[in-house]
Structure formats: structure tokens, C-alpha cells
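K.L.:
Numbering (the working numbering), first residue to last: 11 to 350.
Heads up, the beta-carbon is just placed ideally off N, CA and C, and yes, glycines get one too.
Below is one structure. I have some questions about it.
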Amino acid sequence: MLIVLASDCTPGDRQRVVAAVEEAGCTWTPLQAGGRTLLAVSGAVERLREVPLRRWPGVKKVIALSDAYMLASREHQAEPTVVNVGGVKVGGGGFVIVGGPCAVEDEASLRAIGEAVKSAGADLLRGGAYKPRTSPYAFRGLGLEGLKLLRQVSQETGLPTVSEVTDPRHVEACVGLVDMLQIGTRNMSNFDLLVEVGKSGHPVLLKRGQAATISEWLLAAEYVLAQGNPHVVLCERGVRGFDPATRNLLDLSAVPVVRARTHLPILVDPSHATGHVGYVPSMARAACAAGADGVMVEVHTHPAAALCDAEQALLPEAFTDLVEDLRLLAKVTRSARPVR
Ligand code: PEP
Ligand code: MN
């Protein structure tokens with residue numbers, strides 16, 4: 011349950027509300043959202059049903075919610091959130107294309123890929139500098155040096171950037187160098203990290219956990235929102251399946267489900283979902299048709315030499331064709347009917 015306090019709520023009004031909540035055995039957390047103070051109430055909220063809170067002085071409205079996430083819920087906010095990433099708007103009806111290498115490897119290759127992604131017509135440049143790898147012996151990224159290269163190529167190409175942050179201690183440095191902080195699948199439930207990116211107020215791309223339900227994913231988003239950071243974009247990247255024919259199982263039905271449950275935008279990552287260059291374009295087009303707010307695709311000028319995720323990187327030519335397809339498709343699917 012969300013209790014939205016009125017702008018003229020006095021300390022006495024608030025204390026009366028809090029006392030009623032506590033008397034019912036519920037817990038409460040004060041939140042700031044959209045310039046208002048809200049109390050997020052959880053526990054046995056049905057015990058508050060008989061209390062006419064909404065008519066009490068200092069209370070603007072009371073929102074009964076069907077799910078545990080509150081700020082992320084469409085019941086709290088009906089209109090879609092639009093996240094501004096370095097001037098590129100994600101959500102609200104457009105279609106955003108993110109392209110770039112899995113990892114920033116060196117200056118020359120990043121520049122070549124950045125220029126290719128730009129001339130293909132993409133909106134944002136991706137590239138990991140802190141790489142969470144399954145094997146401790148694999149290439150784990152260039153760290154801060156990689157972020158500086160990303161900033162440089164971003165300035166040269168004019169493309170804002172997305173890069174993963176894996177450690178709460180790195181958040182501040184990442185905020186200074188990238189336009190959107192990615193939380194990878196392995197860290198969706200790293201709650202200290204979510205709180206830290208929440209406090210940063212910077213745009214966040216929150217990937218779905220490898221075996222996370224949509225409710226768990228939206229609760230992870232809630233951690234960021236509860237810190238007063240409304241700039242959250244979700245990213246479906248496939249969940250653990252049973253069939254090794256694809257790297258993961260792309261849950262495209264997450265797009266309409268997320269759309270129904272939350273106002274947050276959603277991107278789809280067909281690269282990590284399928285793990286295979288041959289399957290990426292069709293799943294990217296399917297994501298567009300399903301109503302996603304955009305896609306994130308791995309691109310490399312020399313995939314065979316890529317230090318990470320070589321099998322799934324599109325060559326610039328294939329990426330250029332895909333961007334062209336997606337722009338056409340987005341025009342048809344979005345002009346036909348607004349996505350609700
Ligand atoms: C990535 O985007 O490079 C990445 C590691 O993705 P995920 O967290 O989805 O595996
Ligand atoms: Mn990758």
C-alpha cells in the first residue's frame with residue numbers, strides 16, 4: 011500500500027497516520043517520488059482496510075497495490091516513464107537501438123566499432139569495462155581505463171554510452187564517465203549495488219536475473235526507485251532454459267507483461283538471449299514487433315578476435331541491415347496503434 015501525503019501535511023497529521031500503520035502491525039518506509047512524500051506500507055495491510063486513511067488530514071491518496079513493488083507499479087503511475095540518456099529518450103513510444111562490443115578491448119577497435127555503430131544509425135554505444143565473467147581466468151575488462159576510452163569514443167561519435175557497473179565502490183567513477191549504468195543479470199539481486207545506483211540518480215539499465223521472475227525483477231527496480239531515482243529502464247536478456255540450442259531462453263512475453271505491470275521502459279537484448287549471431291536479427295525484429303522500447307545488440311568489427319562473446323557479435327554490415335529493418339518495423343508497429 012502507498013500512502014501519498016498531501017503537500018500541506020503537518021508533522022502531527024503524519025504522526026497520526028504512522029501511528030495507525032504501526033498499530034495495525036505494518037511497517038512503513040518514507041519515499042520521495044515526483045516531488046511528493048509517500049509512505050510505502052507493507053505487512054498485513056488488509057488490517058488497515060477499515061481505517062478511513064484517505065479522508066484523514068494530510069493524506070492526498072491511498073493506493074492499494076496488488077503486488078509488492080509499489081513505485082514501479084502501473085497502479086501508482088499510469089503514464090509511461092521516459093528516461094533521458096544523454097539526450098536520447100528511452101520509453102514513451104520511440105524505438106532506441108544500442109550497439110557496441112561486449113567489452114571495451116582497446117582504443118582502435120572501440121573507435122572502429124563506435125564509428126560503425128554510429129553510421130549504422132544507432133542511438134547509444136555500449137561497451138563493458140567491468141566484465142562479470144563465469145570463469146575467473148577469462149578477460150574481465152579494462153576497468154577505469156576502459157571507461158575512459160568509452161568516454162573518448164562517445165565524444166568523437168556523439169553517441170551517449172551504456173556500461174556495466176559491478177561494484178558499489180565504482181558507481182561514482184562510472185557516473186562521471188558513462189551516461190547509463192548497466193546492472194547485469196548476475197547482479198540483479200545485488201541489493202547494495204542497486205541502492206548505490208539508486209542514490210546516484212543516474213539512468214540505470216536493469217537486466218533481468220538469470221532465473222528471476224518478473225515480480226523479482228520489478229522488486230529489484232523498486233530498490234533503485236526507492237532511493238529517489240526514477241530513471242530506470244528494464245532489459246530482458248533471456249532466462250536459464252533447458253535447451254543448449256540457444257544460450258538462454260528469450261522471454262519475449264516479458265515485454266507485454268512488463269508493459270501491463272509497470273510504467274518503466276523495456277529493452278530486449280537478443281545477443282545474450284540467443285548467444286548466436288545467426289539468431290540475433292530475427293529476435294531483435296520480434297522484440298520490436300512485441301512492443302519493446304528498443305534493443306541492445308553486440309557488434310564487433312572482427313568477431314573472431316573478440317575477447318568476449320565472439321559467437322554473438324554482429325558484423326557492422328549485418329548491424330546496419332538490422333537497424334534499417336528495425337526503423338521500418340518500428341514505424342509500422344508504432345504508428346498503427348500506441349503501445350499501451
Ligand atoms: C553484457 O551486456 O555484456 C552482459 C554481461 O550481459 P548479461 O548481464 O545479460 O549477461
Ligand atoms: Mn556480452
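When the Cα atoms are used, what is the spatial distance from Lys341 to Phe105?
P.N.:
Distance between the alpha carbons of Lys341 and Phe105: 9 Å.
K.L.:
Where does His310 land, buried or exposed, given buried means 16+ other C-beta within 10 angstroms?
P.N.:
That one is buried.
K.L.:
Measuring straight from C-alpha to C-alpha, what distance separates Arg295 and Gly45?
P.N.:
Going from the Cα of Arg295 to the Cα of Gly45 covers about 38 Å.
K.L.:
Go through the segment 271-314 residue by residue and report every complete run of the beta strand (DSSP E) that reaches 3 residues or more, in order.
P.N.:
Counting only runs of 3 or more, we get 276-278, 304-308.
K.L.:
In angstroms, rounded to a whole number, what distance separates the CA positions of Trp38 and Pro280?
P.N.:
Taking the straight line joining both Cα atoms gives about 39 Å.
K.L.:
Please report the straight-line C-alpha distance between Thr176 and Gly138, rounded to a whole angstrom.
P.N.:
Roughly 10 Å between the two C-alpha positions.
K.L.:
Which first and last residues belong to the alpha helix (DSSP H) in which Leu244 is found?
P.N.:
Taken as a continuous stretch (DSSP letters only), Leu244 belongs to no alpha helix (DSSP H), being part of the beta strand (DSSP E) at 242-246.
K.L.:
Using the three-state DSSP reduction, which class does Leu339 fall into: helix, strand or coil?
P.N.:
Leu339: helix per DSSP, three-state reduction.
K.L.:
Count the other C-beta atoms from every protein chain shown that fall within 10 angstroms of the C-beta of Arg257, then say buried if there are 16 or more, exposed otherwise.
P.N.:
Result: buried.
K.L.:
Does Gln220 come out as helix, strand or coil in the three-state DSSP assignment?
P.N.:
Gln220: coil per DSSP, three-state reduction.
K.L.:
Please report the distance separating the alpha-carbon of Glu117 from that of Thr195.
P.N.:
Using only the alpha carbons, I get a separation of about 27 Å.
K.L.:
Counting only C-beta atoms, is Gly285 closer than 8 Å to chain D at any point?
P.N.:
Going by chain labels, chain D is absent from the structure shown, which holds only one protein chain.
K.L.:
For Glu246, tell me which candidate among Arg344, Asp253, Ala231 has the shortest Cα-Cα distance.
P.N.:
Among Arg344, Asp253, Ala231, the Cα nearest to that of Glu246 belongs to Ala231.
K.L.:
Determine, using beta carbons only, whether Arg121 and Val163 come nearer to each other than 8 Å.
P.N.:
In contact: Arg121 and Val163 (Cβ atoms closer than 8 Å).
K.L.:
What does DSSP give as the partner residues of Ser83 in its beta bridges?
P.N.:
According to DSSP, Ser83 bridges with Thr272.
K.L.:
Among the candidates Tyr233, Val95, Ile123, whose CA atom is the shortest distance from the CA of Ala323?
P.N.:
Looking at the Cα atoms, Ile123 is the closest of the given residues.
K.L.:
For the ligand PEP, is there any heavy atom lying closer than 7 Å to the beta carbon of Gly194?
P.N.:
Because some heavy atom of the ligand PEP lies under 7 Å away, the Cβ of Gly194 counts as near it: yes.
K.L.:
Please report the distance separating the alpha-carbon of Thr20 from that of Leu63.
P.N.:
Those two C-alpha atoms are separated by around 15 Å.
K.L.:
What are the residues that DSSP puts in a beta bridge with Ala113?
P.N.:
According to DSSP, Ala113 bridges with Gly138.
K.L.:
Among the candidates Leu169, Leu12, Arg65, Arg150, whose CA atom is the shortest distance from the CA of Leu9?
P.N.:
Residue 9 lies beyond the range of the chain shown here (11 to 350); nothing can be said about it.
K.L.:
To the nearest angstrom, how far is the alpha carbon of Ala43 from that of Lys71?
P.N.:
Rounded to the nearest angstrom, the two C-alpha atoms are 14 Å apart.
K.L.:
Looking at the ligand MN, does it come within less than 7 Å of Glu308, judged from the CB to the closest heavy atom?
P.N.:
True, at least one ligand heavy atom lies under 7 Å from that Cβ.
K.L.:
I believe Leu244 touches Ile276 by the beta-carbon criterion, under 8 Å. Please report the beta-carbon distance rounded to the nearest angstrom.
P.N.:
That pair is a contact at about 4 Å.
K.L.:
So what's Arg350 in DSSP terms, helix, strand or just coil?
P.N.:
Note that Arg350 has pLDDT 49, beneath the 50 cutoff, so the model's placement of it is unreliable and the number below is only indicative. Three-state result, Arg350: coil.
K.L.:
If you measure between the beta carbons of Cys112 and Glu308, is that distance less than 8 Å?
P.N.:
Closer than 8 Å, so yes.
K.L.:
Closer than 5 Å is what we want: which residues have a beta carbon that near any heavy atom of the ligand MN? List them in chain order.
P.N.:
Residues flagged by the Cβ proximity filter: Cys112, Asp319.
K.L.:
Within 10 angstroms of its Cβ, does His312 collect 16 or more other Cβ (buried), or is it exposed?
P.N.:
Classification of His312: exposed, given that the 10 Å Cβ count is below 16.
K.L.:
I'd like to confirm the pairing. Which residues does DSSP put opposite Met190 in its beta bridges?
P.N.:
Its beta-bridge partners are Val172.
K.L.:
So the candidates are Ser263, Tyr289, Ala314; which of them puts its Cα closest to the Cα of Gly301?
P.N.:
Looking at the Cα atoms, Ser263 is the closest of the given residues.
K.L.:
Closest by CA to Val205, which one among Thr171, Glu174, Ile193, Tyr233?
P.N.:
Selected option, being the one with the closest Cα: Tyr233.
K.L.:
Got a sec? Which residues, its chain only, sit under 8 Å from Val108 by beta carbon, not counting five neighbours each side?
P.N.:
The answer, listed in chain order, is Ala132, Asp133, Leu134, Leu135, Arg136, Val172, Leu277, Gly304, Val305, Met306, Val307.
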